[in-house]
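**Student:**
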Amino acid sequence: MRHRVIRNAAFAGSFYPGEKQGLENMIDGFLSVVPKNLKGGKCRGLIVPHAGYVYSGQTQAYAYSALIPERVVLLGVNHSGSGGPLSLFGEGAWLVPNGRVECDDEFSEALAAKMPSLQTDASSHIREHSIEVQIPFLLRRNPLVKIVPISIYDYSVESAAELGKALSGTLKEFPGTLITASSDFTHCGQGYGQLPARGLSAAAWAEKQDALAEAKILSMDAEGLFETVRDNTISMCGLGPVMALIFALQDSSPEKLYYDTSSSVSGDEFSAVGYAAYALR
């Protein structure tokens, strides 16, 4: 018998409500704000943030208003650096207050066969929030969804291209699969070690910086995104996941859904994080 890892929620009660009814009410509130023309559309990929729901939940809702299929690949950030450079969760399930989601073993096995360097290592996922905070939204939109969680620490173009190629090949065997890439964008303020340009609020600086990254996302230019983030010191924590998504879905058409910063909630002029939602159709 193969060992299946059950991952309990590590951030319930901090990043999002810890009890089912409150969590679902919050998600439903965010979804209710999304314009009707953005609801229920099909897409192949999504870029979504991963902060606390109070700050980024509305942006997530713009992405997750799309039609959620039976299988979703979740490309997340490895903030801690624990585990390998690219870590597939493998077999098991994730528990959150509004339900349980199973991992898709067949897709995971097919992907691993195409990319030997992709390690199966659940340890890098245990204390990481970037994938966990996506799951309550997914379950609310499709209670039968299965997931393929991949944690990314290697942000090189070469690694992203390799993963993207493997994903692209696996998608041919599993049509209808959705890929999400989790990223927050510019982190600006003294607490983040990056101050805005003179005369600009933190939110205005974040929006200016993130517009540079957005131009490369909308042109589906993964290498250009890497260079832009590097050359402009854009503190985009999910660069690796987003590049891998672009490489995997090169023939798709990107669309900006929503952009906001944490300042909209906090009112803080001196500290802000950028959040964006994009769909790849």
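Numbering (this note's numbering), first residue to last: 115 to 395. Using N, Cα and C, we set each Cβ at its ideal position, and we do this for glycine too. For clarity, every value in this text was computed on a predicted model and none was experimentally measured.
(1) Got a sec, what are the start and stop residues for the beta strand (DSSP E) SER201 sits in?
(2) How about ALA391 and LEU363: do their beta carbons lie closer than 8 Å?
(3) For the beta strand (DSSP E) that ALA124 lies in, which residues bound it at each end?
(4) Report the partner residues of LYS134 according to the DSSP bridge assignment.
(5) Closer than 6 Å by C-beta to SER69: which residues in its own chain qualify, once you throw out the five before and the five after it? Chain order, please.
(6) Would you mind reading off the limits of the beta strand (DSSP E) that contains GLY388?
(7) By DSSP, does GLU184 sit in helix, in strand, or in coil?
(8) Measure the Cβ-Cβ separation of LEU252 and GLN233 and say whether it is below 8 Å.
(9) If you check the beta carbons only, do PRO368 and LEU332 fall under 8 Å apart?
(10) Between which two residues does the alpha helix (DSSP H) harbouring THR173 extend?
(11) Going by the beta-carbon positions, is the gap between GLY388 and THR291 smaller than 8 Å?
(12) Who does ILE293 pair with in a DSSP beta bridge?
(13) Check each candidate in ALA327, THR375, GLY159 and ALA177 and name the one with the smallest Cα separation from ARG255.
(14) Please list, in chain order, all residues of the same chain as SER170 whose beta carbon is under 6 Å from its beta carbon, the five residues on each side excluded.
(15) I'd like the span of the beta strand (DSSP E) that includes VAL343, first residue to last.
(16) Looking at the strands, I want to know which residues DSSP matches up with HIS301.
(17) Would you say ILE141 and PRO250 are within 8 Å of each other, going by their C-beta atoms?
(18) Under a Cβ-count criterion, where at least 16 other Cβ atoms within 10 Å of its own Cβ denotes burial, should GLN172 be classed as buried or exposed?
(19) Short of 6 Å in beta carbon distance, which residues of its chain neighbour LYS317, apart from the five on each side in sequence? Order them along the chain.
(20) Can you find the residues in the same chain that come closer than 6 Å, C-beta to C-beta, to LYS279, ignoring five residues on each side of it along the sequence?
(21) Can you tell me which residues form a DSSP beta bridge with LYS260?
(22) Is ASP219 helix, strand or coil by DSSP?
(23) Are the segment 265-280 and the segment 349-364 touching by the rule of at least three beta carbon pairs closer than 8 Å?
(24) Quick one: what's LYS370 bridged to in DSSP?
(25) Enumerate in chain order the residues of its own chain whose CB-to-CB distance from GLN323 is below 7 Å, with the five nearest sequence positions on each side excluded.
(26) Would you check if the distance between the CB atom of ALA227 and the CB atom of ILE120 is smaller than 8 Å?
**Tutor:** Considering the structure as presented:
(1) Here residue 201 refers to the residue found at position 87 of the sequence shown. Element bounds for SER201: 200-202.
(2) Position 277 of the sequence shown holds residue 391. Position 249 of the sequence shown holds residue 363. At least 8 Å separates the beta-carbon of ALA391 from that of LEU363.
(3) Numbered from its first residue, the sequence shown carries residue 124 at position 10. No residue range can be given for ALA124, since it is assigned to no beta strand (DSSP E) and is classified by DSSP as neither H nor E.
(4) Within the sequence shown, numbered from 1, the residue matching residue 134 stands at position 20. Beta-bridge pairing links LYS134 to no other residue.
(5) Residue 69 lies beyond the residue range present for the chain, which begins at 115 and ends at 395; the question has no answer from this structure.
(6) One-based indexing of the sequence shown puts residue 388 at position 274. For GLY388, the enclosing beta strand (DSSP E) stretches over residues 386-394.
(7) Residue numbering aside, residue 184 sits at position 70 when the sequence shown is read from its first letter. In this structure, GLU184 counts as coil in the three-state DSSP scheme.
(8) Counted from its first residue, the sequence shown places residue 252 at position 138. Counted from its first residue, the sequence shown places residue 233 at position 119. Their beta carbons are not under 8 Å apart, which means LEU252 does not touch GLN233 by this criterion.
(9) Translated into positions along the sequence shown, residue 368 becomes position 254. Translated into positions along the sequence shown, residue 332 becomes position 218. In contact: PRO368 and LEU332 (Cβ atoms closer than 8 Å).
(10) Locating residue 173 in the sequence shown gives position 59, where the first residue counts as 1. Run containing THR173: 167-178, per the alpha helix (DSSP H) assignment.
(11) Position 274 of the sequence shown, counted from the first residue, corresponds to residue 388. Position 177 of the sequence shown, counted from the first residue, corresponds to residue 291. Contact check for GLY388 against THR291 fails: the beta carbons are separated by 8 Å or more.
(12) The residue given as residue 293 occupies position 179 in the sequence shown. Paired residues: GLY159 and VAL187.
(13) Here residue 255 refers to the residue found at position 141 of the sequence shown. When only C-alpha atoms are compared, the closest one is ALA177.
(14) Taking the sequence shown and counting its residues from 1, the one referred to as residue 170 is at position 56. By the criterion of a C-beta distance shorter than 6 Å, SER170 is surrounded in its chain by PRO163 and TYR389, once the five residues flanking it on both sides are discounted.
(15) On the sequence shown, residue 343 is found 229 positions in, with the first residue counted as 1. Element bounds for VAL343: not the beta strand (DSSP E) but the alpha helix (DSSP H), 336-345.
(16) Start at 1 with the first residue of the sequence shown, and residue 301 comes out as number 187. Beta-bridge pairing links HIS301 to VAL387.
(17) Locating residue 141 in the sequence shown gives position 27, counting from the first residue. Locating residue 250 in the sequence shown gives position 136, counting from the first residue. Result yes, Cβ atoms of ILE141 and PRO250 sit closer than 8 Å.
(18) Here residue 172 refers to the residue found at position 58 of the sequence shown. A residue is called buried when at least 16 other Cβ atoms come within 10 angstroms of its Cβ; GLN172 meets this threshold and is buried.
(19) Here residue 317 corresponds to residue number 203 of the sequence shown, with the count starting at 1. Before going further, note that residue 317 is Ala rather than Lys in the sequence given. Excluding sequence positions up to five before and after ALA317, its CB lies within less than 6 Å of the CB of THR375, SER377 and ALA386, all in the same chain and listed in chain order.
(20) Residue 279 sits at position 165 when you count from the first residue of the sequence shown. No residues qualify anywhere along the chain.
(21) As a first step, residue 260 must be located in the sequence shown, where it is residue number 146. Looking at the DSSP assignment, LYS260 forms a beta bridge with ARG185.
(22) One-based indexing of the sequence shown puts residue 219 at position 105. Helix.
(23) Judged by Cβ distances under 8 Å, the segment 265-280 makes contact with the segment 349-364, as three or more pairs qualify.
(24) Along the sequence shown, read from residue 1 onward, the residue named residue 370 stands at position 256. For LYS370, which the question treats as bridged, DSSP gives the partners TYR392.
(25) Numbered from its first residue, the sequence shown carries residue 323 at position 209. Taken in chain order, the residues that qualify are THR300, ASN346 and ILE348.
(26) Taking the first residue of the sequence shown as position 1, residue 227 is located at position 113. Taking the first residue of the sequence shown as position 1, residue 120 is located at position 6. For ALA227 and ILE120, no; Cβs fall outside 8 Å.
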